[in-house]
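> After the structure tokens below, expect a handful of questions from me.
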Amino acid sequence: MCGIIGVWKNEIGVKNTLYYGLIELQHRGQEANGVAVFDGINFNLVKYKGLVTEKKLEDYPEGILGIGHLRYSTIGKKEILIDRFAQPSILYTVKNGLSLCHNGNIVNYSELEEELKRKGNLFQTDADHEVILHILAEELKNNKTLEEAVNTCMNKLEGAYSVIGITGNNELFAFRDRYGIHPLVYGMNENSFIIASETPALIKNNVRKYFSVKPGELIIIKDWSIKKKQIVKATPKQCMFEFVYFSRPDSVIDGKSVREARFNLGKNMALEYSLKNRIEPKSIDYDFISPVPDTSRTAAEGINEITGLPIREALIKNRYIPRTFIMPKDRSKAVKSKLSIMKDVIFNKKILFVDDSIVRGNTSKTIIEMVKEAKPKKIGLWITCPKIIAPCYYGIDMRNYNEFVAFEKNVEEIKEYIGVDELFYASRDCLKKSLGLEDICESCLTNKYFTPLAKEKAKEQMKWLNAVKKII
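For any residue, its number in our numbering is found by taking its place in the sequence shown, counting from 1, and adding 347.
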């Protein structure tokens with residue numbers, strides 16, 4: 348779920364656009380950031396551990412083409428070793444050089460890496476973007492066009508990938524897997540072309556009209572022109588978690604407003620709850636709604652519109668603590684640092700908390716324990732994402748069945764574990780209706796995968812779990 352950006356800026360320079368664009372994408376990765384810049388003669392590469400703002404703008408190199416990346420690890424070690432895991436990477440085996448970065452997860456990364464190493468390819472990092480880099484480089488060295496190289500790449504890769512790259516031939520290019528699992532958008536202002544994971548990075552840089560790179564599409568930008576080519580047939584399956592949690596609320600993904608999707612989730616959940624319990628929405632028995640900061644604020648507004656329940660802040664977020672879900676470790680400790688409870692708001696009240704998702708359950712459990720210290724009368728919890736029960740092989744750090752609280756627990760058991768009086772999940776139908784999308788990636792909700800190796804990996808993991816249970 349990393350954040351990526353690319354800039355073609357002719358002779359004006361890309362440093363400012365990269366720096367401020369990456370800041371707008373910081374929610375997508377906090378572990379490291381890096382940029383590769385081409386100045387017309389040479390490539391310059393810098394990588395830093397931590398947040399973008401921990402370095403100064405002056406620390407970034409200048410050039411006429413550039414790409415940037417924010418790391419959120421889903422494979423490899425969690426402890427960041429900049430040289431081994433951070434992106435972008437550069438190869439000089441291609442005439443004039445080639446550099447790229449990517450957002451997603453290549454399911455057959457290990458198999459492709461071994462194949463490439465047997466051919467003599469030397470890897471600079473342990474990150475899966477380098478497989479893409481080497482496949483492209485091999486094709487380009489064999490006098491294939493960029494379109495032909497990307498076609499070979501797409502037919503070898505399994506998984507999710509939104510890729511941005513630059514060449515020493517003054518080209519900025521981008522392509523997206525046939526499913527369009529993760530977002531990729533582009534546009535131009537008066538002096539540059541910009542490609543990024545999300546629209547806020549474009550808007551920050553004065554791009555007012557933007558477009559999505561289509562699933563299976565390649566775009567190449569050079570000399571103030573843009574060339575678009577549909578490389579493979581599109582089979583859209585956008586990641587539902589982008590809408591539920593990951594993307595910013597002011598983002599637009601493939602023409603769909605993230606904010607509107609979350610607002611609709613709140614409205615439709617309230618209607619679904621009322622229908623299930625055979626009560627009128629206005630008679631739901633709570634004093635107020637309290638969103639768990641910050642992703643669920645918009646859903647709380649949707650619930651408010653249907654139920655009439657007021658919204659109150661019972662939890663206050665420390666703005667200087669980064670997102671806890673994408674932290675590699677110590678999440679529970681970070682939650683306690685990030686959130687403070689409003690005891691005067693909570694005391695002796697019936698509170699309906701709304702949150703975007705429950706994955707491991709530890710964060711929700713920690714929050715509820717904090718809330719109970721203020722002695723509320725009743726605690727309800729509504730979750731806008733249906734129960735997550737299975738691993739993600741396409742870019743979210745949810746890797747093992749046994750880490751999901753909902754894997755073998757029913758709603759009543761999860762409710763007891765977290766410690767709330769009532770727990771209600773949105774249904775899959777509610778999710779699809781709210782997003783306005785029929786074909787979404789919901790493998791983590793269904794345990795059904797749409798690529799062959801992901802199916803095999805899930806089956807093997809389940810077989811291993813069952814074997815462990817027999818031993819225990």
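Even for Gly, the Cβ is constructed at its ideal location relative to N, Cα and C.
If you're wondering where the values come from, they're calculated on a predicted model, not measured in any experiment.
Can you tell me which of the three DSSP states Asn791 falls into?
Here the sequence assigns Cys to residue 791, which means Asn is not the residue at that position. In this structure, Cys791 counts as helix in the three-state DSSP scheme.
> Using 8 Å as the cut-off, can you tell me whether the segment 755 to 765 makes contact with the segment 612 to 623, which would need three or more C-beta pairs spanning the two stretches below that distance?
When C-beta atoms of the segment 755 to 765 are compared with those of the segment 612 to 623, fewer than three pairs fall below 8 Å, so the two segments do not count as touching.
> Quick check on DSSP: helix, strand or coil for Arg418?
strand
> What number of angstroms, rounded off, separates the C-alpha of Asn749 from the C-alpha of Ala805?
12 Å
> Strictly by DSSP, which residues pair up with Val532?
Ala543, Ser559
> I think Asn813 touches Ala737, with their Cβ atoms under 8 Å apart; what is that distance to the nearest whole Å?
The pair is not a contact, with the Cβ atoms about 15 Å apart (cut-off 8 Å).
> How many angstroms separate the CA atom of Val532 from the CA atom of Glu462?
32 Å
> Going by Cα to Cα distance, which pick from Gly613, Thr713, Gly506 is closest to Gly563?
Per the Cα distances, Gly506.
> Got a sec? Which residues, its chain only, sit under 6 Å from Val409 by beta carbon, not counting five neighbours each side?
Before going further, note that residue 409 is Glu rather than Val in the sequence given. Its chain contains Gly360, Lys362 as the residues whose beta carbon lies nearer than 6 Å to that of Glu409, once the 5 sequence neighbours on both sides are disregarded; these appear in chain order.
> From this set, Ile726, Ile566, Pro596, Cys586, which residue's C-alpha is nearest Asp632's C-alpha?
If we check each option's Cα against that of Asp632, Ile726 comes out closest.
> What number of angstroms, rounded off, separates the C-alpha of Met745 from the C-alpha of Asn452?
12 Å
> Which residues in the same chain have their Cβ closer than 8 Å to the Cβ of Ile479, if we skip the five residues on either side of it in sequence?
Leu447, His449, Ile453, Cys500, Leu504, Tyr508, Val510
> For Phe832, I'd like the list of residues in its chain whose CB is within less than 6 Å of its CB, leaving aside the five on either flank, ordered along the chain.
Outside the modelled stretch of the chain, which goes from 348 to 819, sits residue 832, for which no answer is possible.
> I need the straight-line Cα distance from Lys696 to Lys724, nearest angstrom please.
5 Å
> Assuming Gly368 is part of the alpha helix (DSSP H), what are its boundary residues?
362 to 371
> Sort out for me which residues DSSP pairs Gly512 with in a bridge.
Leu447, Phe520
> To the nearest angstrom, how far is it from the Cα of Thr798 to the Cα of Leu784?
20 Å
> Would the beta-carbon of Val591 fall within 8 Å of that of Ser774?
Remark: C-beta atoms of Val591 and Ser774 do not approach each other more closely than 8 Å.
> For the putative contact between Asp702 and Leu728, defined by C-beta atoms under 8 Å, what is the C-beta separation to the nearest angstrom?
Right, their Cβ atoms sit about 7 Å apart.
> For Asp703, which three-state DSSP category applies?
coil
> Figure out for me which residue from Leu800, Pro733, Asp634 has the closest Cα to the Cα of Tyr741.
If we check each option's Cα against that of Tyr741, Leu800 comes out closest.
> Which value, in whole angstroms, describes the spacing of the CA atoms of Asp641 and Lys664?
If you take the alpha carbons of Asp641 and Lys664, they lie about 8 Å apart.
> Evaluate the contact criterion for the segment 365 to 380 versus the segment 539 to 549: three or more CB pairs, one atom per stretch, below 8 Å.
yes
> May I ask you to report which of helix, strand or coil DSSP gives Leu398?
coil
> In this structure, what does DSSP give as the bridge partners for Pro638?
Val701
> Which residues in the same chain have their Cβ closer than 7 Å to the Cβ of Glu358, if we skip the five residues on either side of it in sequence?
Ile411
> Taking the beta strand (DSSP E) that Ser630 falls in, what are its first and last residues?
Premise fails: Ser630 is in no beta strand (DSSP E) and is neither H nor E.
> If we ignore side chains and look at the alpha-carbon of each, how far apart do Lys356 and Phe385 end up?
11 Å
> What does a CB cutoff of less than 8 Å around Gly423 pick up in its chain, not counting 5 residues either side in sequence?
Low confidence applies here, because Gly423 scores a pLDDT of 45, under 50, leaving its location unreliable; read the following figure in that light. For Gly423, where only same-chain residues beyond five positions count, the Cβ hits under 8 Å are Arg431, Phe432, Asp473, Ala474.
> Go ahead and pull the three-state DSSP assignment for Cys586.
If DSSP states are grouped into helix, strand and coil, Cys586 belongs with the strands.
> How big is the Cα-Cα spacing for Ile673 and Val682?
Per-residue confidence for Ile673 stands at a pLDDT of 44, beneath the threshold of 50, marking its modelled position as unreliable; the derived number appears in the next sentence. Taking the straight line joining both Cα atoms gives about 12 Å.
> Terminal residues of the continuous beta strand (DSSP E) containing Ser772?
Reading off the sequence shown, one finds Tyr at residue 772, where the question assumed Ser. Run containing Tyr772: 769 to 772, per the beta strand (DSSP E) assignment.
> Whose C-beta lies closer than 8 Å to the C-beta of Gly444 among residues of the same chain, with five residues either side of it excluded?
Phe385, Phe390, Ile437, Leu438, Thr514, Gly515
> Look at the Cβ atom of Tyr526, then the Cβ atom of Lys603, and state whether they are nearer than 8 Å.
The Cβ atoms of Tyr526 and Lys603 lie no closer than 8 Å to each other.
> Can you give me the start and stop residues for the beta strand (DSSP E) that Ser352 sits inside?
A quick correction: the sequence has Ile, not Ser, at residue 352. Segment 350 to 355, the beta strand (DSSP E) holding Ile352.
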